[in-house]
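In our numbering, the protein residues as written are 317 to 700. Every residue gets a Cβ at the ideal spot worked out from N, C-alpha and C, and that includes glycine. In this text, all values refer to a predicted model and were calculated from it rather than measured experimentally. What follows is a single structure, written as structure tokens, with notes after it.
Printed below as a string of structure tokens:
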């Protein structure tokens with residue numbers, strides 16, 4: 317099998333499908349059994365001869381009514397001209413994708429794109445689609461007596477009838493009825509979804525984030541920034557992307573880890589502080605931070621941008637503890653195919669977008685400066 321960094325060689329193209337208008341091909345790797353077969357979009361391919369061979373085989377096996385003109389069209393097909401301009405995947409990348417296939421349960425499969433170097437699975441990283449609770453962090457109770465539930469019927473919550481929506485949003489929906497996109501009014505900055513005490517089912521329009529990630533994303537390697545996340549389909553404004561998952565730790569522990577991360581030049585700390593009321597209790601043990609360094613989901617790979625296309629909004633679901641709300645990412649605007657997804661690590665600079673500034677990815681204000689590589693027109697060059 318050679319060294320771990322050697323590249324896979326495609327033996328045959330054995331299948332074809334189309335997803336959202338993008339052609340995908342099923343590849344058989346030379347020297348490996350069919351369990352390693354993988355679907356790849358045409359723009360990742362680098363073996364035009366094998367693709368041509370597959371196309372010709374399908375042409376021969378198809379209808380008998382063929383002519384030379386049709387065959388010439390096949391030979392000149394733009395997919396055959398453009399296919400596999402990239403690099404074959406390294407074994408590290410294949411192992412990364414197999415790792416994700418094993419643990420990603422919260423949405424569509426996540427492909428990995430790396431034509432830059434031989435980087436693979438981040439060391440000591442475990443993919444999780446839930447919170448891992450650290451020392452001195454209480455787990456949400458199995459049954460929370462203080463939660464408010466609705467008695468809406470047929471899985472359909474209507475604003476003027478739903479007790480949850482009447483209590484937390486003046487009887488208005490948090491999401492648009494047919495698109496499930498955000499429906500927040502100016503000044504609104506948090507979402508309270510229905511919970512396990514409610515009579516509505518999982519299709520309820522007030523359970524959008526609980527249904528998990530629906531958008532198709534990929535993890536991509538960038539020359540200067542390292543890993544990032546790109547869109548594999550067009551994402552409309554207001555679409556739910558994912559939660560920020562990781563290890564939930566106390567703010568005291570976050571201070572300790574933050575200093576260590578500063579020395580390493582990176583951080584994955586995100587304060588759960590939207591409902592922070594320091595006047596109520598000065599004990600930092602009552603406030604929490606999510607650390608996505610060792611445990612996390614695809615949000616672990618999201619980069620910073622001074623002109624982000626994602627917005628951060630706190631979401632309450634199955635707990636009444638305001639200090640353990642979810643950190644949810646939504647599309648701030650429409651996002652195009654192959655565009656990188658990014659959010660503002662240090663939050664918005666204006667009160668109008670309060671929901672962006674309340675949660676900060678960097679815990680300590682006096683941190684050393686980080687060089688910003690977002691390349692946005694309004695890039696600040698550095699962030700704390």
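Among 612, 330 and 346, whose alpha-carbon lies nearest the alpha-carbon of residue 370? Considering only alpha carbons, the answer is 330.
Are the Cβ atoms of residue 702 and residue 525 separated by less than 9 Å? An answer regarding residue 702 cannot be provided, because it is not within the stretch 317 to 700 covered by the chain.
Opposite residue 626 in the DSSP bridges: which residues? Residue pairing for residue 626: DSSP places it in a beta bridge opposite 647.
According to DSSP, is residue 467 helix, strand or coil? Coil.
Near residue 616, what residues of its chain come up, given a Cβ to Cβ distance below 6 Å and the 5 sequence neighbours on each side ignored? Excluding positions up to five away in sequence, the list reads 608.
Measure the beta-carbon distance from residue 534 to residue 426 and round it to whole angstroms, keeping in mind my assumption that it falls under 8 Å. So it is a contact: roughly 6 Å between Cβ atoms.
Could you check the C-alpha separation between residue 629 and residue 352 for me, to the nearest Å? Inter-residue distance for residue 629 and residue 352 is about 39 Å (C-alpha atoms, whole angstroms).
Quick one: give me the first and last residue of the beta strand (DSSP E) that residue 556 is part of. If you look at residue 556, you'll find it in the beta strand (DSSP E) that goes 556-559.
When the Cα atoms are used, what is the spatial distance from residue 667 to residue 364? Because residue 667 carries a pLDDT of 37, less than 50, the predicted location of this residue cannot be relied on, and the following value inherits that uncertainty. So the two alpha carbons sit approximately 53 Å from each other.
Taking DSSP as the reference, what is the three-state secondary structure of residue 485? Of the three classes helix, strand and coil, the one that applies to residue 485 here is helix, per DSSP.
Name the DSSP beta bridge partners of residue 551, please? Residue pairing from DSSP places residue 551 in a beta bridge opposite 651.
When DSSP labels each residue in this structure, what does residue 331 get in the three-state scheme? In the structure shown, the three-state DSSP call for residue 331 is strand.
Do residue 647 and residue 557 have their C-beta atoms closer together than 9 Å? Closer than 9 Å, so yes.
Just checking, does the region 581-594 make contact with the region 475-487 on the three C-beta pairs under 8 Å criterion? Too few Cβ pairs lie closer than 8 Å, so no.
Rounded to a whole number of angstroms, what is the C-alpha to C-alpha distance between residue 554 and residue 497? In this structure, the CA atom of residue 554 is about 4 Å from the CA atom of residue 497.
Since residue 537 sits in a beta bridge, which residues does DSSP pair it with? Residue 537 has 543 as its beta-bridge partners, per DSSP.
Closer than 8 Å by C-beta to residue 549: which residues in its own chain qualify, once you throw out the five before and the five after it? Chain order, please. Only residues of its own chain outside the window of five on either side were considered, and among them 336, 531, 532 and 653 have a CB closer than 8 Å to the CB of residue 549, listed in chain order.
Return the CA-CA distance between residue 317 and residue 345, expressed in angstroms with no decimal places. Note that residue 317 scores 32 on pLDDT, short of 50, meaning its location in the model is unreliable; the coordinates nonetheless yield the value given after this. Their backbone Cα atoms lie some 12 Å apart in a straight line.
Please state whether DSSP places residue 498 in a helix, a strand or coil. Assignment of residue 498 by DSSP, reduced to helix, strand and coil, places it in the strand class.
Under a Cβ-count criterion, where at least 16 other Cβ atoms within 10 Å of its own Cβ denotes burial, should residue 509 be classed as buried or exposed? Result: buried.
Under 9 Å between C-beta atoms, does residue 542 make it to chain B? Looking for chain B here will not work: only one protein chain is present.
Beta bridge counterpart(s) of residue 586 as assigned by DSSP: Answer is 606.
Best match in 571, 626, 490 and 566 for proximity to residue 545 [C-alpha to C-alpha]: The residue from 571, 626, 490 and 566 with its alpha-carbon nearest to that of residue 545 is 626.
Cβ shell of residue 445 (< 7 Å), same chain only, five flanking positions each side left out: Excluding positions up to five away in sequence, the list reads 421, 422, 561 and 613.
Short of 6 Å in beta carbon distance, which residues of its chain neighbour residue 430, apart from the five on each side in sequence? Order them along the chain. Non-local beta-carbon contacts of residue 430 in its own chain, meaning distances under 6 Å to residues more than five positions away in sequence, involve 409 and 537 in chain order.
Mapping DSSP to helix, strand and coil, what is residue 581? Here DSSP, grouped into helix, strand and coil, assigns residue 581 to coil.
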